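Scroll down for the structure; my scribbles are underneath it.
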Amino acid sequence: MGKVIDFRIPDQQDASEIKEALCERLYKTGLNDEFVEYTWPHCEALIKRFASKPGVDKEVVMELLHLRINLDLEHFSRMH
Numbered sequence: 000m001g002k003v004i005d006f007r008i009p010d011q012q013d014a015s016e017i018k019e020a021l022c023e024r025l026y027k028t029g030l031n032d033e034f035v036e037y038t039w040p041h042c043e044a045l046i047k048r049f050a051s052k053p054g055v056d057k058e059v060v061m062e063l064l065h066l067r068i069n070l071d072l073e074h075f076s077r078m079h
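Numbering (numbering that gives the first Met the number 0), first residue to last: 0 to 79.
Laid out in structure tokens, this is it:
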């Protein structure tokens with residue numbers, strides 16, 4: 000398995016703010032727009048799915064996002 004990227008996304012309310020924070024952190028790790036566009040729909044689906052549930056722990060959602068991004072990174076690396 001490839002290198003796992005660990006980053007934290009600040010607590011945001013708006014999906015576009017989360018995407019902006021995510022992009023900024025991915026760019027700092029050297030990932031490009033192509034990967035961001037590849038992973039964002041999966042991340043956005045997770046955010047929407049859990050945002051509608053009251054009392055969801057945001058740290059758990061962030062951990063799920065980390066797992067999703069790392070899975071996408073593994074798949075993306077194989078394709079490119």
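From the three backbone atoms N, C-alpha and C, an ideal C-beta is built for every residue, glycine too. These figures come from a predicted structure and were not determined experimentally.
Q | Between the CA atoms of Arg67 and Lys57 - distance to the nearest angstrom | A | Cα-Cα distance, rounded: 15 Å.
Q | Simplified DSSP assignment, three categories, for Lys18 | A | helix
**Q.** Pairwise C-alpha distance: Glu23 and Leu64
**A.** 15 Å
(Q) If distances are taken between C-alpha atoms only, which option among Asn69, Tyr37, Val60 and Ser15 comes closest to Arg48? (A) Val60
Q. Pick from Glu62, Val55 and Thr38: whose alpha carbon is nearest that of Ser76?
A. Thr38
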